[in-house]
Structure formats: C-alpha cells, structure tokens
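Okay, structure first, notes after.
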Amino acid sequence: MNFPSTMTEALAKFCLSYLFISFVLSNDYQTEATNIGDSKVISIGAIIDVNSRVGKEQQVAMDIAAQSYNNTSKTHRLALYFQEPTKDPFSPTSFAEEMIKKQKVQVIVGMHTWTEAASVAELGRQTQVPIISFAAPTITPPMMPTSWPFLVRLANNGTAYVKCVADLVHAYSWQRVVVIYEDDATNGGDYGMLTLLSEALQDVGSMIEYRLALPSTSYLPNPGEFIREELFNLIENTQSRVFIVLQSSLEMVIQVFKEASQIGLVDKESAWIIPESITNLLDSVNKSAISYMEGALGIKTYYSENVSKYQYFEAQFRQSFRAKYPEEDNRNPGFYALQAYDSIKIIAQAVGRMAGGDGGGSKTLLTEILSSNFLGLSGEIQFGDGQLLQNLTLRVVNVDRKSYRELDFWTPEHGFTTSLPTEPSNSTSRNTESLRGVVIWPGQLQRVPKGWNLPTKQKKMRIAVPGRTSFSKFVKVDYDENENTYKFSGFCIEIFERVLGLLEYDLPYDYYPINGTYNDLVQLVYNKTFDAVVGDMTLIAERLQYVDFTVPYAESGLSMIVTEKSEESAWMFMKPFTWQMWVATGAILIYTMLVVWYLEREPNPEFHGNWKSQISTALNFTFSSLFFAHREKMYSNLSRVVMVTWLFLVLILNSSYTASLSSMLTVQRLQPNVTDIEWLKKNNMKIGCDGDSFIRTYLEKVEGFLPENIVNVNNEDSYVDVFKNFSIAAAFLELPYEKVYISKYCKGFSGSTPTTRFGGLGFMFQKGSPVTKDISKAILQLLEQGELNRLEEKWLDHAGQCSNNLSSASTESLKLGSFWVLYVISGGTSTICFLLSTIQSLKSRQTPQDEAQEGNGKPWDESPWRRVVIIAKKIYSKKYNKASNAQDVTDCSSRWDISSTHTPEHRLATAPQLQEIITVSSPPTVTTDNS
5 MNFPSTMTEA LAKFCLSYLF ISFVLSNDYQ TEATNIGDSK VISIGAIIDV
55 NSRVGKEQQV AMDIAAQSYN NTSKTHRLAL YFQEPTKDPF SPTSFAEEMI
105 KKQKVQVIVG MHTWTEAASV AELGRQTQVP IISFAAPTIT PPMMPTSWPF
155 LVRLANNGTA YVKCVADLVH AYSWQRVVVI YEDDATNGGD YGMLTLLSEA
205 LQDVGSMIEY RLALPSTSYL PNPGEFIREE LFNLIENTQS RVFIVLQSSL
255 EMVIQVFKEA SQIGLVDKES AWIIPESITN LLDSVNKSAI SYMEGALGIK
305 TYYSENVSKY QYFEAQFRQS FRAKYPEEDN RNPGFYALQA YDSIKIIAQA
355 VGRMAGGDGG GSKTLLTEIL SSNFLGLSGE IQFGDGQLLQ NLTLRVVNVD
405 RKSYRELDFW TPEHGFTTSL PTEPSNSTSR NTESLRGVVI WPGQLQRVPK
455 GWNLPTKQKK MRIAVPGRTS FSKFVKVDYD ENENTYKFSG FCIEIFERVL
505 GLLEYDLPYD YYPINGTYND LVQLVYNKTF DAVVGDMTLI AERLQYVDFT
555 VPYAESGLSM IVTEKSEESA WMFMKPFTWQ MWVATGAILI YTMLVVWYLE
605 REPNPEFHGN WKSQISTALN FTFSSLFFAH REKMYSNLSR VVMVTWLFLV
655 LILNSSYTAS LSSMLTVQRL QPNVTDIEWL KKNNMKIGCD GDSFIRTYLE
705 KVEGFLPENI VNVNNEDSYV DVFKNFSIAA AFLELPYEKV YISKYCKGFS
755 GSTPTTRFGG LGFMFQKGSP VTKDISKAIL QLLEQGELNR LEEKWLDHAG
805 QCSNNLSSAS TESLKLGSFW VLYVISGGTS TICFLLSTIQ SLKSRQTPQD
855 EAQEGNGKPW DESPWRRVVI IAKKIYSKKY NKASNAQDVT DCSSRWDISS
905 THTPEHRLAT APQLQEIITV SSPPTVTTDN S
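Numbered per our numbering, the sequence shown finishes at 935, counting up by one with no gaps.
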C-alpha cells in the first residue's frame with residue numbers, strides 16, 4: 005500500500021502513528037480518530053487510478069493539500085490511503101470496504117466514474133462513512149439524497165455540458181451528428197448522457213444520426229484495428245461528418261483520433277467535439293497526443309489561473325510532480341488535480357470546525373462537509389442536497405497543432421460570450437447563433453465545415469430525376485442512341501443548374517432517370533439510394549418526415565379544369581350596370597324629374613293643367629333628356645342649372661353603358677359547365693388526375709371522392725381526349741400544371757382559382773443534408789433577381805400560342821363605386837336649387853300685412869299649424885299670380901327654347917282663370933274666398 009508523503013520533520017510522528025493504529029487494529033478496537041501525542045489522525049481513503057495521468061495528478065494534489073493542512077494544524081493530522089491499481093471493475097467497492105475495516109478511514113474520496121461512485125455510496129450508507137465523489141450522474145434521481153445520505157458529489161451533472169454541445173451544433177447549423185462513446189462496465193454506457201444529448205439536439209432542430217459504441221481498450225487485443233473497422237462501417241452508413249465524443253478514457257479518444265486521421269475523417273468538411281473529461285486534460289497530456297485532435301472543438305470547465313493561490317499551488321505541483329514522476333514531460337496541473345486538492349481542503353476545513361468540540365462522529369463530519377462554503381481552485385465550493393452548487397462557466401477551446409486556443413465562454417444564462425459574465429442575468433435572451441472567436445477547423449479549413457459527406461469528382465452526388473411526368477415542360481428525359489446517354493431538360497432542370505452556379509463550392513453530380521411514382525422517389529432518397537431528387541416534387545407534410553425540401557421555387561395548389569360553353573342571355577342589355585347602378589340611376593332620374601317639375605310648374609305653361617298632365621309632361625321631359633331629345637323650353641334659371649348637371653351625368657352614363665355593352669357583345673363569353681366540387685360528388689361524376697402524384701390520395705381522403713370515380717390520366721394530351729369523349733367531367737391538377745394546360749388549350753377550357761394550397765414545388769434531399777440550406781438560399785437569390793419569373797415565362801407561359809384566355813376575358817359590370825361622385829353632384833345641385841327656389845318664393849310673396857304681423861309677434865309664439873298654413877298660403881298665392889311674373893318670364897330667353905317668343909295672346913290664353921285667396925285668421929279656423 006502507498007502511504008502519503010509528509011514533511012521530513014513530521015516523519016517520526018507518522019511512523020509512531022502507524023504503529024499505534026496497528027496496535028489498535030490488532031486488538032479489534034474501533035475508533036473514529038487516533039491520538040498521536042496531542043493530535044488526532046483523520047484517515048482518508050482515496051480511490052483513484054494512480055497509474056493513469058489523471059490519477060497521478062490527483063495523488064500529487066491530495067498530498068499537497070494534506071501536507072499544507074498538517075503543517076498548520078496542531079490538533080488534527082490527515083492520513084491518506086490510495087487504492088492499489090487493478091483492472092477489476094468492482095475493485096473500488098472491495099477496496100473501500102477493506103479500508104473502512106482495516107484502516108478505519110473516516111472519509112473516502114475519488115471515484116472518477118459514476119458506476120464506481122454509486123457502488124461505494126451504498127457501502128457508505130451501510131457503514132455511515134461520508135463519500136466524496138468526483139463523479140455525478142447525468143440525470144440525478146430525485147430520491148438520491150434519501151437513498152445515499154452519506155454521498156457528497158463534488159461534481160456537476162452533464163446537463164450544462166450537453167446544452168453547450170447542442171448550442172455549438174446549432175451555432176454552426178449542423179442538423180445531424182454522430183456520437184462516439186466508450187461503453188464498458190466502468191461508465192455504464194453513458195446512456196443518461198445520450199438521452200440528454202438527444203433531447204438537447206432536438207430542441208435546436210438537430211438529431212443523432214448514428215451511435216458508435218466502443219468497448220474499453222483494455223478489453224481489445226488490437227484496439228487500432230477494431231476502431232478502424234468500426235469507422236469504416238460508420239462511413240458506409242452515414243452522411244454526417246459531425247462527430248461528438250462523449251465521456252471516454254484518454255486512451256480511447258487518442259486511439260479514435262489516430263485512426264480517424266488515417267482514413268480521412270479528421271479532414272475538410274468534418275467537425276469534432278471532444279468531451280469535457282478530455283478537454284480538462286489538454287493542459288497536462290502529451291503534445292503528440294494533442295496533434296491528432298487538430299481542429300477539434302473542446303469544452304472545459306473554466307477556472308481562474310490569475311489568482312495568487314492558484315499560482316502558488318501550480319509551483320508546488322510542478323515541483324512535486326517532477327520529483328514523483330520524472331518520466332512525465334508535461335508537469336502542468338489539470339482540472340482534476342484542482343478538484344482533488346479541493347476535496348482534501350473540504351475535509352480539512354470540516355475537521356477544523358470540529359476541533360473546538362469533542363470531535364463528534366461521522367454524521368457530524370458529514371454535516372460539516374456539506375456546510376462548506378469557500379472559493380476553491382476548481383471554483384466555488386457549496387453543496388445542496390449532496391450536490392455541488394456552482395454557477396458553472398464553461399470555456400470553448402479549439403485544438404491548434406500541439407496546443408489549444410481558448411474561444412468563447414459559455415454559461416446557461418448567457419450562452420456564448422467573449423468575456424466572463426460577472427453577474428447573473430435575468431434576461432431570457434441567449435446567444436446561441438455563433439461564436440465570435442476564430443476557429444481553425446480540421447484540414448486548416450477557414451470556413452465553417454458543412455459537417456456532411458459532400459460529393460467529389462470521384463464520388464459525385466447521385467440525383468434522381470422523374471423519368472415520366474405528365475407535363476414535359478417541367479422535366480423531360482430524352483435518350484440519345486448515338487451517344488448512349490440521357491438528355492435532361494425542362495423548367496425544374498434549368499432552375500437547379502442555375503442554382504448550382506450560385507453556390508460557393510463545387511457540387512459534382514450525375515442525373516439518373518427513375519420511372520416510378522413520386523412516393524417511390526421519396527423512398528429512394530430516404531433509404532439513401534440517391535442523394536437528392538430534382539423534378540416537380542411537391543412539398544407536403546408527410547414527405548417531410550423522411551426527407552428535407554428546399555424552399556419552393558414555384559407555388560402549388562389544387563385547381564379544377566372544366567370545359568366551357570357560350571353564355572347566351574336575353575337580359576344581356578342589363579349587364580353593363582350592376583343592380584346598384586340601375587337603382588341609383590332610376591332614383592336620381594325620378595328625383596330630378598320632381599325638382600324640375602317644382603321649378604317649372606309655375607312659370608312654364610307646359611307644366612300647367614291637371615295633375616296627370618303635369619306628371620306626363622315631367623316624365624316626358626326627363627326621359628327625353630336621357631337621349632338629348634327634349635323639346636320643352638326652360639323658364640327658370642334654377643331649372644337650367646339642374647339640367648346642366650343632369651345632362652352631364654347622362655352623357656357619362658350613356659358613354660359608359662355603350663362601351664361596356666359593346667365589349668360584352670363583341671367578346672365571346674364562356675361559362676364553365678361545372679363550378680362546384682360538391683356537385684361533382686353529389687352526382688357521382690367522373691374526374692381525372694395524375695395517378696402518380698399525391699393528388700389522387702388527396703381527392704379520396706380529403707375531398708371525399710369515391711375511388712371508382714377517379715380516372716388516372718397519363719399526360720397533358722390525354723386530358724383533351726378524356727374531355728372530348730366525356731370520360732370525365734372535370735380534371736384536378738396542381739396550379740403549375742394548370743397554368744401550362746390552360747395556356748396551351750385555352751379554347752373551351754377554364755381553370756378555377758385554387759382554394760387549397762400546398763407547400764409548392766421544391767428540390768428534395770436527404771434528411772439533415774446541409775446542401776438543402778445552401779440550395780434554398782440560392783433559390784431565394786434567383787427569386788429576388790427576377791430569374792424565376794423569367795424562367796417561368798420561358799417554360800410555362802405561352803401567350804403567343806393563346807392570345808386570350810377566354811375564361812378570364814369577360815367584361816365586368818360597371819359598379820356604383822366608380823360613379824357615386826356624379827350622382828352626389830347631380831342630386832346635391834337639384835336639392836340646392838329646390839331650396840333656393842322655395843326661399844325666393846317665400847320672400848317675394850310676403851305682404852305688408854304679413855310683415856307687420858311678423859314684426860309684432862315672435863315666430864316662436866305662433867303654433868306649428870299656423871306656420872304651415874302661412875307657408876301654404878304663400879305657395880298657392882304664387883301659383884296663381886298672373887300679372888307680374890308672366891311679364892318677367894316672357895322676357896327671359898334660353899338656349900333650351902324651341903321658339904324664341906310668345907305672343908301676348910298666348911300669355912292671356914294660358915293665364916289662370918281662377919284666383920284663390922286664402923285669408924288666415926286665428927287658428928285653427930281657415931276662411932277661403934273665391935272670386
């Protein structure tokens with residue numbers, strides 16, 4: 005067994021202590037502390053692998069911590085016992101049991117893996133000995149503090165590390181990754197870490213494509229050969245080149261990188277992320293081992309190297325490590341050395357707090373350990389429920405040649421930052437988009453690797469192309485017998501080739517014609533027979549479960565094509581105007597007629613006579629004005645104003661009506677034979693569609709058509725035939741196909757506006773392919789430059805072949821909204837003239853007696869009935885005045901007159917024969933005198 009190194013002056017005391025402990029053990033006397041003179045010895049068992057680099061660092065760091073305490077404490081001494089090296093996975097438990105029984109250790113520290121810690125924790129529960137573990141479970145069971153109350157975990161679980169890895173994957177837009185881990189009885193397969201990583205990657209839109217589990221190198225007779233074969237299998241079965249190494253031994257990681265470098269996996273377009281357990285050793289491992297990992301990203305626990313206590317410890321460590329292990333080249337302490345130093349310091353401080361009392365027992369020691377609160381070399385030391393509580397800060401590093409470069413910090417609250425966060429943040433925003441530090445990738449690549457097995461000239465991308473399509477404008481495959489090759493052309497092919505010209509890298513490819521359904525093409529990409537499909541593939545939700553699509557380069561929707569018939573209607577003359585226009589025109593006509601009658605009924609002799617005669621004259625006058633054929637003379641200036649605005653309105657309406665009716669009668673109007681899908685289903689009508697596409701399934705499951713009523717149509721020319729022989733009543737096509745069909749067969753067919761939208765036409769790639777994102781970006785560039793519209797006009801729209809799409813050439817009826825201002829002007833003018841005439845009549849017919857009465861009385865003193873009678877009296881007295889007004893009217897001349905003069909005889913003949921005089925007395929009595 006290995007005893008701790010002590011100072012020379014204390015060697016004699018420790019020898020006496022050992023003899024005294026041996027004496028006690030021989031008498032089977034159990035005690036918790038042993039007195040050596042005036043000091044009590046606290047025995048500490050350390051379960052570490054002293055043959056490994058990590059174990060060597062931990063041993064030296066623990067010796068330094070114990071030595072430092074023993075030099076200053078006068079009441080207690082710390083004695084360390086280290087585990088004998090062995091390959092037995094159950095040796096930590098047996099050795100811990102042996103130390104508890106024989107050496108009477110009060111505390112056990114160490115256990116680098118959780119499997120070891122769990123087994124020793126159970127022993128600690130049974131013996132009530134505190135266990136300080138350097139490992140923690142990835143997922144902490146909620147009942148752990150109750151099940152193992154004496155277990156103290158001086159480590160963080162893997163949650164923070166996993167989230168940091170997921171943020172790295174998200175920052176560089178890698179969608180699929182390969183996970184490599186060491187699976188043996190020591191680490192239990194790291195299945196908890198795998199579960200957390202899978203969930204974290206899903207949260208950022210990525211996934212694990214392949215899991216490579218490797219046994220421990222100690223179980224392999226030839227580790228290099230075995231790992232090489234596994235990596236070759238990985239190459240054959242995966243496309244992803246983003247490798248995440250989970251918790252593994254240093255020997256395993258070095259061997260993996262060595263073999264991967266030899267077969268070209270640590271090269272351009274690949275990315276590697278090494279685990280925290282390895283990154284924490286980069287300060288201490290051999291430089292030649294680091295060279296295999298050049299370009300890899302690592303995540304390490306951050307600790308400050310600028311504080312004086314670390315610098316003092318580092319000097320002590322380098323000196324002690326050189327003396328104890330002169331064969332080791334690198335003498336710098338790693339994170340695990342700091343962790344081991346802090347574990348002994350925790351025990352030392354707990355013992356120091358117990359020194360004032362009677363020493364207490366194991367439970368008191370456990371309580372003091374859990375109450376620790378100080379800043380250690382590895383970070384802040386504070387516990388909660390037996391777990392280390394730390395505001396964990398990680399540091400992303402980049403392996404460069406035989407060393408590494410530190411990049412960004414990472415915290416759960418802030419994400420990636422260039423400077424160390426000093427205070428916790430309440431903000432919910434985190435930077436997970438990019439690292440600001442410059443990364444040197446494998447193969448000295450300056451840009452972010454795609455993380456995908458990109459095609460090369462030796463191994464080109466295999467692209468499947470639909471060999472049979474309903475519409476050759478999209479994809480056309482011709483076989484050249486002379487050259488024994490296939491020629492590919494069409495709308496989709498030209499877009500794809502334009503897109504490749506916008507990429508920042510070469511993408512060698514070969515086309516392969518496939519005569520299958522579109523679902524067959526999806527399956528061929530899903531099972532990795534082909535890398536992509538270029539053709540008229542529609543983006544739908546079901547297909548996205550198996551493949552990835554680019555952004556659509558053409559919109560898509562369900563359109564219905566039907567035959568058309570000529571429209572014949574006896575009421576065609578009514579269609580130039582909407583019904584609102586007809587109502588408004590009739591209303592303004594009647595209103596104008598009434599206003600003209602009111603203004604002309606007294607001065608104009610044409611408007612005299614009985615009521616029927618007056619209405620007949622007014623109607624004849626107004627209607628004849630519609631055709632500018634009125635003959636009546638206008639006597640009132642206000643009437644002339646009304647007629648000017650009315651005739652202007654009539655002029656505009658006549659011109660618009662004539663133009664619209666001419667257009668409707670000149671252009672042939674067609675009406676579709678079928679306008680409603682429900683009518684087709686109700687009458688069990690036959691419909692046609694492309695049987696190779698998803699449309700048939702959609703019509704059956706979503707629209708509810710019977711399978712026997714759906715007819716498969718092979719190509720665009722066949723649609724004409726099935727329509728002619730009445731095999732179908734309607735055809736259902738996607739919107740791009742409908743455009744091509746209508747542009748070619750515009751006479752006799754019409755297409756409905758799509759009411760159902762699909763995802764559009766796009767290019768299809770394997771799930772997780774980074775090429776998808778680049779192609780999508782290039783498609784958007786073509787769209788913004790207008791290239792897609794020009795290509796669509798070139799291949800899909802043929803205006804020259806069909807000058808007019810007759811189904812859309814119908815002239816719409818004129819609406820009231822285009823003329824309402826004219827109606828308002830005409831109606832408003834008539835109203836104003838009516839009011840002016842009424843006011844003028846009232847003023848001109850007011851007698852001196854009325855003026856005297858108005859002067860003596862107040863208008864509001866008169867009753868409403870009296871005011872109405874006065875107004876009526878004045879209106880009717882004006883009507884039958886035959887002297888003054890007749891002379892004034894005959895002097896007026898107008899451009900509306902047919903004859904310019906009227907003889908006095910005529911005025912005499914048309915004068916009224918009866919004058920009514922209405923005398924108003926006190927209401928409500930009214931007296932009328934006739935003379």
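For each residue, glycine too, the CB sits at the ideal point set by N, CA and C.
Restricting to Cα atoms, I'd like to know which of Tyr306, Leu200, Trp456, Asp346 is closest to Asp412. Here residue 412 refers to the residue found at position 408 of the sequence shown. Nearest of Tyr306, Leu200, Trp456, Asp346 to Asp412, Cα basis: Tyr306.
Backbone secondary structure at Phe86 - three-state DSSP: One-based indexing of the sequence shown puts residue 86 at position 82. DSSP places Phe86 in strand when its eight states are reduced to three.
Length of the line joining the Cα atoms of Ala354 and Ser376: By one-based count along the sequence shown, residue 354 stands at place 350. By one-based count along the sequence shown, residue 376 stands at place 372. Going from the Cα of Ala354 to the Cα of Ser376 covers about 7 Å.
Thinking C-alpha only, which one of Phe99, Tyr490, Val45, Ala69 is nearest Ile51? Residue numbering aside, residue 51 sits at position 47 when the sequence shown is read from its first letter. Of the listed residues, the one whose Cα sits closest to Ile51 is Phe99.
Tell me whether Val311 is buried or exposed, calling it buried when 16 or more other Cβ atoms sit within 10 Å of its Cβ. In the sequence shown, residue 311 corresponds to position 307, counting from 1. Flag for Val311 reads exposed.
Suppose you measure from the CA of Arg405 to the CA of Phe378; what does that come to, to the nearest Å? Looking up residue 405 in the sequence shown gives position 401. Looking up residue 378 in the sequence shown gives position 374. Distance from the CA of Arg405 to the CA of Phe378, rounded to the nearest whole angstrom, comes to 37 Å.
Express the C-alpha separation of Trp178 and Trp799 in angstroms, rounding to a whole number. If you number the sequence shown from 1, residue 799 lands on position 795. If you number the sequence shown from 1, residue 178 lands on position 174. Cα to Cα, Trp799 sits roughly 36 Å from Trp178.
Take Lys349 as the anchor and find which of Pro149, Phe736, Phe236, Gly383 has the nearest alpha-carbon. Position 345 of the sequence shown, counted from the first residue, corresponds to residue 349. Nearest of Pro149, Phe736, Phe236, Gly383 to Lys349, Cα basis: Gly383.
Could you tell me the alpha carbon to alpha carbon distance between His414 and Gln391, rounded to whole angstroms? In the sequence shown, counting from the first residue as 1, residue 414 sits at position 410. In the sequence shown, counting from the first residue as 1, residue 391 sits at position 387. Before going further, note that residue 414 is Trp rather than His in the sequence given. Straight across, the Cα-Cα distance linking Trp414 with Gln391 is about 21 Å.
Distance check for Gln462 and Gln386, CA to CA, integer angstroms please. Residue mapping note: residue 386 aligns to position 382 of the sequence shown, counting from 1. Residue mapping note: residue 462 aligns to position 458 of the sequence shown, counting from 1. Going by the C-alpha atoms only, they are around 58 Å apart.
Under 8 Å Cβ to Cβ from Leu200, same chain only, skipping five residues before and after it: list those, please. Translated into positions along the sequence shown, residue 200 becomes position 196. So the list reads Thr142, Ile143, Gly162, Thr163, Val166, once near-sequence residues are dropped.
Check the DSSP bridge columns for Val124 and list the partner residues they point to. Numbered from 1 along the sequence shown, position 120 holds the residue referred to as residue 124. Beta-bridge pairing links Val124 to no other residue.
Beta-carbon proximity check, Ile783 vs Leu792, cutoff 9 Å: On the sequence shown, position 779 is the one that residue 783 refers to. On the sequence shown, position 788 is the one that residue 792 refers to. Remark: C-beta atoms of Ile783 and Leu792 approach each other more closely than 9 Å.
Hey, would you say Tyr314 sits closer than 9 Å to Leu342, going by beta carbons? Position 310 of the sequence shown holds residue 314. Position 338 of the sequence shown holds residue 342. One thing to note: Tyr314 has its Cβ within 9 Å of the Cβ of Leu342.
Could you say which of Ser252, Ile231, Phe321 lies nearest to Ser72 if we only look at CA atoms? For this step, residue 72 is matched to residue 68 along the sequence shown. It is Phe321 whose Cα lies nearest to the Cα of Ser72.
Tell me which residues share the same chain as Asp524 and place their Cβ nearer than 6 Å to its Cβ, disregarding the 5 neighbours each side in the sequence. Here residue 524 refers to the residue found at position 520 when the sequence shown is read from its first residue. Here the set comprises nothing.
In whole angstroms, give me the CA-to-CA distance for Gly338 and Pro453. Within the sequence shown, numbered from 1, the residue matching residue 338 stands at position 334. Within the sequence shown, numbered from 1, the residue matching residue 453 stands at position 449. About 30 Å.
Residues near Leu374 by beta carbon distance below 6 Å, same chain, minus five either side: Your numbering for residue 374 matches position 370 in the sequence shown. Result list for Leu374: Phe387, in chain order.
Kindly indicate which three-state DSSP category Tyr702 falls into: helix, strand or coil? Position 698 of the sequence shown, counting from 1, holds the residue named residue 702. Here Tyr702 carries a helix assignment [DSSP, helix/strand/coil].
Give the straight-line distance between the Cα atoms of Ser324 and Gly49, rounded to the nearest whole angstrom. For the purposes of this step, residue 324 is taken as residue 320 along the sequence shown, with counting starting at 1. For the purposes of this step, residue 49 is taken as residue 45 along the sequence shown, with counting starting at 1. Answer to the nearest angstrom: the Cα atoms are 21 Å apart.
Just to confirm my understanding: we take Met689, look at its own chain, exclude 5 residues before and 5 after, and list those with CB closer than 6 Å. What are they? In the sequence shown, residue 689 corresponds to position 685, counting from 1. Excluding sequence positions up to five before and after Met689, its CB lies within less than 6 Å of the CB of Ala733, all in the same chain and listed in chain order.
Here's the rule: buried if 16 or more other CB atoms are within 10 angstroms of the residue's CB, otherwise exposed. What is Arg180? Within the sequence shown, the letter at position 176 stands for residue 180. Buried is the call here.
Ser493 (DSSP reduced to helix, strand or coil): Here residue 493 is taken as the residue at index 489 of the sequence shown, counted from 1. Correct three-state label for Ser493: strand.
Taking the alpha-carbon positions, what's the Lys480 to Cys693 distance? Within the sequence shown, the letter at position 476 stands for residue 480. Within the sequence shown, the letter at position 689 stands for residue 693. If you take the alpha carbons of Lys480 and Cys693, they lie about 20 Å apart.
Which same chain residues, not among the five before or five after Asp4, have their C-beta less than 7 Å away from its C-beta? As displayed, the chain neither begins before 5 nor continues past 935, which places residue 4 out of reach and without an answer.
Residues that Arg409 bridges to, as DSSP identifies them: The residue you call residue 409 lines up with position 405 of the sequence shown. Answer by DSSP bridge pairing, in chain order: Asn402.
Arg57 burial status per 10 Å Cβ neighbour count (16 or more: buried): For the purposes of this step, residue 57 is identified with residue 53 of the sequence shown, where counting begins at 1. When all chains shown are included, Arg57 counts as buried.
Which partner residues does Phe581 have in the DSSP bridge list? Counted from its first residue, the sequence shown places residue 581 at position 577. Leu818, per the DSSP bridge assignment.
May I have the straight-line CA-CA distance separating Met103 from Glu120, to the nearest angstrom? By 1-based counting over the sequence shown, the position of residue 103 is 99. By 1-based counting over the sequence shown, the position of residue 120 is 116. In this structure, the alpha-carbon of Met103 lies about 16 Å from that of Glu120.
Which class does Glu186 belong to by DSSP, given the choice of helix, strand or coil? For the purposes of this step, residue 186 is identified with residue 182 of the sequence shown, where counting begins at 1. Reduced to three states, the DSSP call for Glu186 is strand.
Touching or not, the segment 756-772 and the segment 550-570, by the rule of three or more beta carbon pairs under 8 Å? The segment 756-772 is in contact with the segment 550-570.
Met256 versus His116 - alpha carbon distance: As a working note, residue 256 is residue 252 in the sequence shown. As a working note, residue 116 is residue 112 in the sequence shown. Each residue's Cα considered, the two are about 16 Å apart.
Close Cβ partners of Leu155 (< 7 Å) along its chain, the five nearest in sequence each way excluded: Your numbering for residue 155 matches position 151 in the sequence shown. If you ignore the 5 residues before and after Leu155, its C-beta comes within less than 7 Å of the C-beta of Ala125, Gly128, Ile135, Ser137, Gly390, all in its own chain and listed in chain order.
To the nearest angstrom, how far is the alpha carbon of Lys751 from that of Asp721? As a first step, residue 751 is located in the sequence shown; it is residue number 747 there, counting from the start. As a first step, residue 721 is located in the sequence shown; it is residue number 717 there, counting from the start. Distance between Lys751 and Asp721, taken at the CA atoms: about 14 Å.
With distances taken between CB atoms, is the gap from Arg245 to Gly455 smaller than 9 Å? The residue labelled residue 245 in the question sits at position 241 within the sequence shown. The residue labelled residue 455 in the question sits at position 451 within the sequence shown. Yes, the pair counts as a contact, with Cβ atoms nearer than the cut-off.
Do Ile278 and Ala300 have their beta-carbon atoms positioned less than 9 Å apart in this structure? Taking the sequence shown and counting its residues from 1, one reaches residue 300 at position 296. Taking the sequence shown and counting its residues from 1, one reaches residue 278 at position 274. Yes, they are a contact pair.
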